[in-house]
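Residue numbers (our numbering), protein chains in the order written: chain A, 4 to 449; chain B, 1273 to 1460.
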């Protein structure tokens, strides 16, 4: 594995100044003091005591470091997914003619990259003209961009008599993509946008799904003729098909609030964790089926990813999701989010929300009133509860839960299905309802 | 005041719980080297009196604070003690005791230099300690040979030779101190 070939962080270019340590001052002081005292007092024993100090200092200082050491920081090139192994490395390069007796390397590592012994300094030696690498093996615990580095190296040479100022490498971000929970929705889309795509429709047209056999008419293609039926009935018949249609799925991520405690890939999930992981799973599913998927943040920043299809869009979605953050706002961001954005009228809007903010509820109701096909995915973790602050906390928590259930019921009455995220098949039941609603006439309040 | 003390106590507690083997070994070696130097420098009777506790505490200070000036002061103190103790019996100094003292003092000095730059919670490659100790051993061996030669030369010479050696030694001492001082100041 070439750790440093890719994503190599540049070391600091400042020339380090090699400085004498207190030990050098001590050695010189003792040597001089003992030799002079020995001569003045006429005592050879003091000269003998001074001998190792003189020899040791002279031996250590026969060559002194002059070149600038280099510190590099790198990671393996793999795409890291939550729970995947991660290998980082810090390399110290000695370009001098003197070996480094002791190099203390410290590296700052995000707590979400569980790197073994990363919180401790590592001490190594580096021979002259050589390099040495410290491998830091760990595990990516949570999605996001996690800082790795900078790494600093403090070098000591000449038996601890000369020390260099710390050399610091650059830092870099490790991208950890969310682990997509298995998701599969079998139900058809409520309304498609075009006459191409992966969803069978009820509209006749060029497609792969057989709708029936009918008598040949003007405009029918010859390759559609069903010769077996035509010979039997002695009249030309053609195989009629349903058109294939694509659809746009808009994933709306509610980033107004965070709740619950994020424990990484093997621990509990917070609201944002569930939001990001489920968004990745839903996007992967629909993009795999050939639909167009766009993403939108419901918050003051209102980031948006344009609709597109294919594997490239899936990678873009994963990249986009890495930057999802909670942005608290004191105002209703509906106009900010939807004011300048043109949301396709036929799009299926999947809103990932914890439903703990009335602004989110109002947004869902407004979307439903405007005739959108809206599905709300409840991302609030089951274990999420207010911190215990007294005997009334439990009761207050229960009342709040009841109010929330009541609000969810009202949303359902307004035609907004709400479903808790549970991986595979989470949306099937609600998509069936939405598809049924979409097939009938609908009055839209404008 | 109490908060600061509590903070220091917690920091010390954390340092102890996080300490790793090799830095602890190095600091223990500093303590043992100073204790051995005292053993060589002072009369044995002092270790069988109440003063032994004080000696142990004093020897332990550089192990806890190797970056401070206490290491230098303690070496100077031990040498002064040696000079005082042996002032009346200069001719009867045993060679093994002298070599033991010089070896112990140098080991205390170089191990304190190592302990000063070695964090207590560091993950240390074993070769770091092995190379350091090997270099120190080489220096100690060379110094012991030189020491034996010096003592032999001093014992063989008469008064005139000693006077000439004394003057020559003074010149050498000043020269060595000046050279070392110049090496320290020289910019790399």
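Ideal Cβ positions, reconstructed from N, Cα and C, are used throughout, including at glycine.
{"Item": "Cross-strand partners of residue 160/A (DSSP beta bridge)", "Value": "165/A"}
{"Item": "Within the segment 1297-1359 of chain B, ranges of the alpha helix (DSSP H) (whole runs, at least 4 residues)", "Value": "1323-1336, 1342-1357"}
{"Item": "Stretch-stretch touch, CB-based, cutoff 8 Å, three pairs: the segment 94-107 of chain A with the segment 143-153 of chain A", "Value": "no"}
{"Item": "From 178/A, 152/A, 179/A, residue whose alpha carbon lies closest to that of residue 170/A", "Value": "152/A"}
{"Item": "Contact list for the segment 114-146 of chain A against chain B, Cβ threshold 8 Å", "Value": "120, 123, 124, 125, 126, 127, 128"}
{"Item": "Euclidean distance between Cα positions of residue 36/A and residue 138/A", "Value": "46 Å"}
{"Item": "8 Å Cβ shell around residue 2/A - same chain, five flanking residues per side excluded", "Value": "Lying outside 4 to 449, the shown extent of chain A, residue 2/A is not represented and no answer is given."}
{"Item": "Residues bridged to residue 94/A [DSSP beta-bridge criterion]", "Value": "75/A, 136/A"}
{"Item": "Contact under 9 Å by Cβ, residue 130/A with residue 176/A", "Value": "no"}
{"Item": "8 Å contact criterion, which residue 419/A and residue 377/A should meet: CB distance rounded", "Value": "5 Å"}
{"Item": "Whether residue 1312/B touches residue 1335/B by CB criterion (9 Å)", "Value": "no"}
{"Item": "Delimiting residues of the alpha helix (DSSP H) encompassing residue 48/A", "Value": "47-63"}
{"Item": "Beta-carbon spacing of residue 1/A, residue 1395/B below 9 Å", "Value": "The shown model of chain A, from 4 to 449, leaves out residue 1/A, and the question about it has no answer."}
{"Item": "Buried versus exposed call for residue 334/A [16 or more other C-beta atoms within 10 Å across all chains shown]", "Value": "exposed"}
{"Item": "Distance between beta carbons of residue 424/A and residue 236/A, contact taken as under 8 Å", "Value": "In fact, because the Cβ distance is near 53 Å, the residues do not count as touching under 8 Å."}
{"Item": "Cα-Cα separation between residue 1346/B and residue 70/A, rounded to whole angstroms", "Value": "35 Å"}
{"Item": "Cβ contact check for the segment 1365-1378 of chain B and the segment 1306-1322 of chain B: 3 or more pairs under 8 Å", "Value": "yes"}
{"Item": "Within 9 Å, strictly: CB atoms of residue 57/A and residue 163/A", "Value": "no"}
{"Item": "Where residue 100/A meets chain B, residues with beta-carbon distance less than 7 Å", "Value": "Ordered by position in chain B, no residue passes the 7 Å Cβ test against residue 100/A, which lies about 12 Å from the chain."}
{"Item": "Residue 461/A (DSSP reduced to helix, strand or coil)", "Value": "There is no way to answer for residue 461/A, as the model of chain A reaches only from 4 to 449."}
{"Item": "Buried or exposed (CB count within 10 angstroms, at least 16 for buried), residue 375/A", "Value": "buried"}
{"Item": "Residue 64/A classed as buried or exposed, judged by whether at least 16 other C-beta atoms fall within 10 angstroms", "Value": "buried"}
{"Item": "Contact with chain A by residue 1411/B, beta-carbon distance below 9 Å", "Value": "yes"}
{"Item": "Cβ-Cβ distance between residue 172/A and residue 154/A below 9 Å", "Value": "yes"}
{"Item": "Given 8 Å, three or more beta-carbon pairs between the segment 249-259 of chain A and the segment 227-241 of chain A", "Value": "no"}
{"Item": "For residue 300/A, three-class secondary structure by DSSP", "Value": "strand"}
{"Item": "Boundaries (first-last residue) of the beta strand (DSSP E) holding residue 128/A", "Value": "125-129"}
{"Item": "Interfacial residues, the segment 1353-1376 of chain B to chain A, with Cβ spacing under 8 Å", "Value": "1354, 1355, 1358, 1362, 1365, 1370, 1371, 1373, 1374, 1375"}
{"Item": "Minimum Cβ-Cβ distance from residue 1289/B to chain A less than 9 Å", "Value": "no"}
{"Item": "Contacts around residue 1306/B, its chain only, beta-carbon distance under 7 Å, and the 5 residues preceding and following it disregarded", "Value": "1331, 1334, 1346, 1380"}
{"Item": "Identity of the residues DSSP links to residue 38/A by a beta bridge", "Value": "Answer is none; residue 38/A lacks a bridge partner."}
{"Item": "Delimiting residues of the alpha helix (DSSP H) encompassing residue 409/A", "Value": "396-416"}
{"Item": "Cβ shell of residue 1288/B (< 8 Å), same chain only, five flanking positions each side left out", "Value": "none"}
{"Item": "For residue 229/A and residue 214/A, believed in contact at Cβ under 8 Å, the rounded distance", "Value": "Contact doesn't hold; Cβ gap of about 12 Å is too wide."}
{"Item": "For residue 223/A, the three-state DSSP class (helix, strand or coil)", "Value": "coil"}
{"Item": "Residue-chain proximity (residue 1463/B, chain A), Cβ-Cβ < 9 Å", "Value": "Since the displayed chain B opens at 1273 and closes at 1460, residue 1463/B lies outside it and no answer follows."}
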